[in-house]
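Note sheet for the following structure.
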Amino acid sequence: MNPLENLVMQHLAVLTILAMGITTYLTRIIGYLALRNRSLNPRLERVMEVVPGCVLISVIAPVIFSGHITDIIAVAITFVAMLRFSLLPTVIIAIVATGLLRHWLG
């Protein structure tokens, strides 16, 4: 890859990261702006409380059922960590466990 192609790739990577950040921010702020002056009934409040968990499960489920032993073990380690620790240590343990298992077991 010549230096010009490398520079273009770096700029595209930065633009992609910025676009993903803006998109993430917009999804959060649009929901806030749409619901800021409304009072939700208790049933809808319960639904809104469980949505993040549903989204997380939809991301994790394909990994669990992928059949790769490293990912299955990493999910099990994360589950055990989740039972013992708060969110930040659990996330750190999950990242480290996944990285090490993929390095060691391929």
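When the sequence shown is numbered by UniProt numbering, its final residue is 106 and no position is left out of the sequence of numbers.
By construction, the Cβ of each residue, glycine as well, lies at the ideal position given by its N, Cα and C atoms.
* To do: Write down the C-beta distance between S98 and A74 rounded to the nearest angstrom, noting that I regard them as a contact closer than 8 Å.
  => For the sequence presented, residue 98 should be read as Thr rather than Ser. The Cβ separation is near 4 Å, so the contact holds.
* **Alpha-carbon to alpha-carbon, P62 and residue 112** => For residue 112 there is no data in the structure shown, the boundaries of the chain being 1 and 106.
* Asked: Considering only C-alpha positions, which residue in the set V50, L40, I72 is nearest to I60?
  -> I72
* **Where N6 falls: helix, strand or coil (DSSP)** => helix
* What is the residue span of the alpha helix (DSSP H) that R46 lies within? -> 42-64
* To do: Classify R36 as helix, strand or coil using the three-state DSSP reduction.
  => coil
* To do: Name the residue from R102, A81, L12 whose alpha carbon lies nearest to the alpha carbon of I92.
  => Closest in alpha carbon position to I92, among R102, A81, L12, is A81.
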